[in-house]
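Line by line, the protein sequences are chains C and E.
Residues in the first sequence are numbered from 1 upward in steps of one, following our numbering.
Residues in the second sequence are numbered from 1 upward in steps of one, following our numbering.
Beneath this line is the structure, given in C-alpha cells, with notes to follow.
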Amino acid sequence: MNWQWTPYLIPLFITVGVLLAAALYLSWREQVAPGRGAVVSFMLANAGWATGYIFEVAALDLEVKKSWAALEFIFVTIGVVSLFAYTVQYTGRDGWLTRRRLLGLTLPLLVITTLPFFPQTEALFWREFSLPSVGGLVLFKYEFGPALSIYYAAVYLLLMITVIWLAEMYFRSRNLYRAQTLLLILSVLIPWLGSAIDLLEIIPIELGALSTSVTALCVGWSLVSFRLGEVIPVARETIIEVMHDGVIVLDPDQRIVDVNPTARHLLKGEMLGQPIDQLWPKWPVLLETALRQAGRGGEMRFDHSDGRHIYDVHISSLFDWRDRLVSRVVVLRDITDRKQAEAALRENEELLRATFEQAAMGIAHVALDGRWLRVNQRLCDIVGYSAEALGTLTFQQITHPADLDSNLGLLEQLIAGDIQNYSIEKRYIHQNGSPVWVQVTTSLVRDGAGQPKYFIAVIEDIAERKHGEKMVQKYAGELERSNRELEQFAYIASHDLKEPLRKIQTFGGRLEAKYGEALGEQGRDYLSRMNNATVRMQALIDGLLAFSRITTQAQPFALVNLAEVLSEVLDDLAARLEQSGGQVVVVGDLPSLEADPVQMRQLLQNLLSNALKFHAEAVPPLVTVRGETASAEGDSLIPMCRITVEDNGIGFEQKDSEQIFQVFHRLHGRSQYEGTGIGLATCRKIVERHGGTITAQSKPGVGTTFIITLPQHQPIGDNTE
Amino acid sequence: MMTNSSNSIIILMADDDADDRMLAKEALEEARLANILHFVEDGEQLMEYLRRSGAYTHLSASPLPGLILLDLNMPRKDGREALAEIKSDPILRRIPVVVLTTSKAEEDILRTYGLGVNSFIIKPVTFDSLVNTMITLAKYWFEIVELPPERK
Chain C
1 MNWQWTPYLI PLFITVGVLL AAALYLSWRE QVAPGRGAVV SFMLANAGWA TGYIFEVAAL
61 DLEVKKSWAA LEFIFVTIGV VSLFAYTVQY TGRDGWLTRR RLLGLTLPLL VITTLPFFPQ
121 TEALFWREFS LPSVGGLVLF KYEFGPALSI YYAAVYLLLM ITVIWLAEMY FRSRNLYRAQ
181 TLLLILSVLI PWLGSAIDLL EIIPIELGAL STSVTALCVG WSLVSFRLGE VIPVARETII
241 EVMHDGVIVL DPDQRIVDVN PTARHLLKGE MLGQPIDQLW PKWPVLLETA LRQAGRGGEM
301 RFDHSDGRHI YDVHISSLFD WRDRLVSRVV VLRDITDRKQ AEAALRENEE LLRATFEQAA
361 MGIAHVALDG RWLRVNQRLC DIVGYSAEAL GTLTFQQITH PADLDSNLGL LEQLIAGDIQ
421 NYSIEKRYIH QNGSPVWVQV TTSLVRDGAG QPKYFIAVIE DIAERKHGEK MVQKYAGELE
481 RSNRELEQFA YIASHDLKEP LRKIQTFGGR LEAKYGEALG EQGRDYLSRM NNATVRMQAL
541 IDGLLAFSRI TTQAQPFALV NLAEVLSEVL DDLAARLEQS GGQVVVVGDL PSLEADPVQM
601 RQLLQNLLSN ALKFHAEAVP PLVTVRGETA SAEGDSLIPM CRITVEDNGI GFEQKDSEQI
661 FQVFHRLHGR SQYEGTGIGL ATCRKIVERH GGTITAQSKP GVGTTFIITL PQHQPIGDNT
721 E
Chain E
1 MMTNSSNSII ILMADDDADD RMLAKEALEE ARLANILHFV EDGEQLMEYL RRSGAYTHLS
61 ASPLPGLILL DLNMPRKDGR EALAEIKSDP ILRRIPVVVL TTSKAEEDIL RTYGLGVNSF
121 IIKPVTFDSL VNTMITLAKY WFEIVELPPE RK
C-alpha cells in the first residue's frame with residue numbers, strides 16, 4: 001500500500017478529533033436535550049466521513065481509494081439522516097418521524113450505498129474511474145451512475161426539506177430562538193455549499209466532509225451554548241402550547257404576534273397582527289398598572305361555556321442586549337376557582353363569626369396560661385366584664401377560689417391527653433363581686449403536630465338551674481320530713497286510737513257477759529250497737545293506716561307478674577267466692593310490669609273484693625279480668641298495660657264515677673253493704689303512685705267496669721322508700 | 001285440780017293500765033285459778049318489789065313470784081329496761097317472764113326474745129280470749145313446766 005501526504009489532511013484530522021470530542025462531551029452531559037441522540041449520531045457520522053476521506057486521499061491505490069470512498073457514502077447517509085432527524089425534533093415534528101418512517105428513509109439510501117461494493121452493481125453507482133494528479137496529489141475521480149444521481153437527489157431533497165422547515169421555524173418562533181434557528185439554517189446550508197463547490201470542481205479537494213463537520217460543530221454548539229438549550233426551544237414551545245394559562249406575545253408595537261391555544265380560545269381567534277388595545281380597550285390601564293406593580297396588571301373577565309371566569313393578567317416586558325423593547329408577553333391565569341374559594345372562605349368566616357357572637361351561650365378561646373383570647377358578648381354578659389377587660393384577665397382570676405383547684409386539675413388532664421373534654425359546674429366571680437354559677441364545657445385545640453394550642457370553653461349560665469336544684473332539694477327534704485311525720489302520726493294514731501277501742505270492746509263484752517240478764521233486751525241491744533261501732537272504727541283506723549302507708553311504706557319497684565298476683569288474691573278470696581257463688585274469669589294475659597309487689601296485691605284485692613261484694617242479691621257475681629298492653633300514652637312514650645275488672649253487680653250512676661274514689665265515700669248504706677269507703681281511694685292512690693290511671697264506667701243494674709292503666713316501666717331513680 | 005304448791009304460786013303483773021289490771025284479775029277469777037295475783041304499776045315498782053326494797057321491804061320473808069307478766073310500755077321505767085335488769089340479776093333471772101303487751105312491733109318481739117324473755121304474747125282483744133290465755137298460761141307454767149325450786 002502506498003500513501004501520500006498532504007497538508008490538506010491536517011484540518012481533517014483536527015475535524016475528526018474535535019467531532020469525537022464533541023460527541024463524547026454531548027453524550028456525557030447530564031442534561032438530556034431532545035435531539036441529542038441525533039446530533040451525536042450526526043457528529044459521529046461526520047467523523048466517520050472525515051476519517052474515510054482522509055484515507056481516501058492518503059491512499060494511492062485505486063481500489064483502496066474506491067473502497068474508502070464507498071465507505072464514506074455510508075457515513076454520509078447516516079449523517080444526513082441524523083441531521084434530518086434532528087431538524088424534525090427541533091421543529092417539533094416528532095410525531096411525524098416514527099421509527100418506521102426513519103427506517104423507510106434510511107434504508108433505500110443505505111441500499112444504494114452498498115451498490116459500489118458489488119462488482120455487478122458497481123456500475124449503477126459509479127464508473128469511469130480515474131486517478132488524476134492535481135498539484136502533486138493523486139485524487140479519485142469518477143462519473144455518476146444513475147443510482148448515485150438518485151442518491152444525490154434524495155440527499156439534496158432531505159437537506160432542502162430541512163432548510164425549509166428550519167426557515168418556517170425561524171419565522172414562527174419567538175425572537176429569542178430566531179438567532180439560534182438562523183445559525184442552524186446556515187450550518188445546514190454549508191454542506192450544500194460545500195457539495196456545490198465539489199461538484200463544480202472549483203478546488204481539487206472535496207470540501208464535503210470538512211464543511212459538514214462545520215455544520216456538526218455548529219449544531220453541537222447550538223445544543224450546548226445557548227443556555228435556553230437546557231430545554232430545547234421545542235420543549236419550551238410544548239410547554240407554552242399546553243399551558244393552562246393563556247400566553248399572548250406582542251411585538252414592540254403592541255401587536256399580537258403569537259398566541260397559545262388557551263389564549264386563542266379566550267380571544268376567540270388568533271387575532272395575529274391586531275393591536276391589542278383594539279381588542280382590549282382596557283389595555284393601557286392594565287399595562288400601566290403592570291409596569292408599576294412588577295407585572296401584575298389586574299383582572300379581566302372572559303365568558304366561558306359554563307359562565308364567567310376571572311383571569312389574572314400578568315404582563316412581562318422583554319428587552320434585547322441593547323435594552324430595547326423586544327416584546328411583551330401577556331399571561332392570563334384563570335383565578336375563578338381561587339376567587340370562589342376566597343368567597344367561600346369569607347362566607348365561612350362570617351358564618352363562624354356570627355355563630356360565635358350570637359350564640360345563646362358564652363363561648364371563649366382561652367390561652368394555655370388562662371388568658372381570655374377571644375370572648376363573645378354572651379360571656380361578657382354572664383361575668384359582667386367587657387371584652388376588653390377580659391382580655392387583660394385570666395380565667396383563674398375570675399374563678400371562685402373553692403372551684404379553682406379541681407378546675408386546674410382537669411385542665412392538666414386535658415393537656416396531657418387523658419381526657420378529650422370535661423364539663424363542670426363552677427362559679428365565676430362577677431364584676432360586682434357576686435358568685436355566678438355556670439356550667440363550663442372545655443376542650444383543647446391542638447396544632448398539626450399534636451401540641452396544645454388553646455382551649456375552647458362553652459359557658460352556660462345555670463343560676464336558674466342551681467336555684468331550681470336548691471328548691472327541689474328543699475322540697476324533697478320537706479317531703480321526706482312530712483312523710484316521716486305522717487308515718488309516725490299514722491302509727492301512733494292507729495296504735496293509740498285502737499287502744500281505747502279495744503277497752504270499749506272488752507268491757508262491753510264483760511258487761512254483756514256479767515250483767516246481760518239485768519240489762520234486758522234493749523240494754524243488750526244498745527251494747528251490741530256499741531260493739532259494732534267500735535269494730536267499724538277499728539276497721540276505719542286500719543284502713544286509714546294502710547292508706548297512709550301507700551307512700552310512707554312504699555317498696556321499691558320490681559318486676560311483678562300480675563297473673564301470679566291475681567291467683568294469690570283469688571286464693572285469699574276463695575271463701576268469699578264460695579260464699580257468694582261467684583266466679584272470676586281471666587281473659588287474655590295479665591302482663592308483667594315494674595311495680596310495688598305488695599301494692600299490686602292490695603290493688604287487685606280491693607278491686608276484686610269490691611266486685612264480689614257489690615252484687616245484686618239473687619245474682620251470683622261474675623267478674624271478668626282482662627289484661628292487655630296498650631300503646632304509649634302522653635309525653636313519656638312508655639308502653640302501658642291496661643287491666644279491666646268488669647262485674648255484673650249493682651253498678652252506679654256514671655255521674656258518681658269520680659266521687660267513689662274519695663276517701664270514706666260510700667254510695668250505699670251500711671246496712672246494705674259493709675265497707676269503710678277507703679278501698680277505692682287506696683286503689684287510686686296506688687295507681688297514681690305508679691304513674692297510671694284508674695277510672696270507672698258503670699250502669700246501674702248492669703255492672704261496673706274498672707279500667708286501670710299502668711306503665712310497664714318506671715322511671716329510673718324514682719323509687720320511694 | 002291445782003295442787004297446793006301451785007295454788008300458792010304468786011303471779012306478778014306489771015302494767016300501768018288500770019283497766020288491764022282489772023281485767024286480768026277478773027279473767028283469773030273467771031278461770032277459777034287460785035293463784036295470787038300481785039300488781040305493780042311501772043318498772044321502778046317492779047324492781048323494788050323484786051328486790052324487796054322501797055315500799056316492799058315487808059315482803060322479804062315471802063317467796064318470789066313464780067311468773068311475771070310484763071307489759072312493755074310503762075312510765076318511769078318501761079318493761080324492756082326492767083326485763084334487761086331482771087335477766088341480768090343472777091337470782092331474779094330464774095323467774096320466767098311473759099311479756100303481755102299491745103305492741104305488735106317486730107322490733108319489740110325480737111329485742112325481748114333477745115333479752116331473754118320466755119314468751120311474748122299480744123294482749124287478747126276480747127275478754128274471753130283473755131280468760132283462755134290465763135288458763136293456758138297457768139296450765140303451761142304451773143302444771144306442765146317445772147319451775148325452779150323456791151328460793152329466798
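Glycine included, each C-beta is placed from N, C-alpha and C at the ideal position.
For clarity, every value in this text was computed on a predicted model and none was experimentally measured.
With a cut-off of 8 Å, does the C-beta of residue i fall near any C-beta of chain C?
i                      : result
residue 133 of chain E : no
residue 18 of chain E  : no
residue 70 of chain E  : no
residue 1 of chain E   : Confidence at residue 1 of chain E is low in this model, with a pLDDT of 38, below 50, so the placement of that residue is unreliable and no value is reported for it.
residue 37 of chain E  : no
residue 23 of chain E  : yes
Let me know the secondary structure DSSP gives residue i once reduced to three states.
i                      : result
residue 4 of chain E   : Because the pLDDT of residue 4 of chain E is 42, which lies under 50, any placement of that residue in the model is unreliable, and the number read from its coordinates should be weighed accordingly. Looking at residue 4 of chain E - three-state DSSP - the assignment turns out to be helix.
residue 439 of chain C : strand
residue 146 of chain E : coil
residue 129 of chain C : strand
residue 86 of chain E  : helix
residue 334 of chain C : strand
residue 713 of chain C : coil
residue 246 of chain C : strand
residue 68 of chain C  : helix
residue 18 of chain E  : helix
residue 275 of chain C : strand
residue 596 of chain C : coil
residue 300 of chain C : strand
residue 56 of chain C  : helix
residue 9 of chain C   : helix
Can you name the residues that DSSP bridges to residue i?
i                      : result
residue 454 of chain C : C:367 and C:445
residue 607 of chain C : Paired residue(s): none; residue 607 of chain C is not in a bridge.
residue 215 of chain C : In DSSP, residue 215 of chain C forms no bridge with anything.
residue 629 of chain C : C:641
residue 697 of chain C : C:705
residue 399 of chain C : C:428
residue 624 of chain C : C:585 and C:646
With a threshold of 8 Å between beta-carbons, can residue i be considered close to chain E, or not?
i                      : result
residue 539 of chain C : no
residue 416 of chain C : no
residue 546 of chain C : no
residue 513 of chain C : yes
Run through chain E and tell me which residues come within less than 8 Å of residue i, C-beta to C-beta.
i                      : result
residue 499 of chain C : 102
residue 509 of chain C : 126, 127 and 128
For a contact meaning CB atoms closer than 8 Å, what does residue i contact in chain C?
i                      : result
residue 125 of chain E : 502, 505 and 506
Could one say the Cβ of residue i lies closer than 8 Å to chain A's Cβ atoms, at least one of them?
i                      : result
residue 516 of chain C : Considering every chain present, this structure includes no chain A. Its protein chains are C and E.
Would you mind telling me which residues of chain E sit closer than 7 Å to residue i, beta carbon to beta carbon, in chain order?
i                      : result
residue 618 of chain C : Within chain E, no residue comes near residue 618 of chain C; the closest Cβ sits about 35 Å away, beyond 7 Å.
Buried or exposed for residue i, please, with buried defined as at least 16 other CB atoms from any protein chain shown within 10 angstroms of its CB.
i                      : result
residue 74 of chain E  : buried
residue 492 of chain C : exposed
residue 28 of chain C  : exposed
residue 577 of chain C : buried
residue 583 of chain C : exposed
residue 15 of chain C  : buried
residue 662 of chain C : exposed
residue 685 of chain C : buried
residue 5 of chain C   : exposed
residue 19 of chain C  : buried
residue 43 of chain C  : buried
residue 777 of chain C : Examination of residue 777 of chain C is not possible in this model, given that chain C is present from 1 through 721 alone.
Please confirm whether any heavy atom of the ligand GTP lies closer than 7 Å to the CB of residue i.
i                      : result
residue 156 of chain C : This structure does not include the ligand GTP; it has no bound ligands of any sort.
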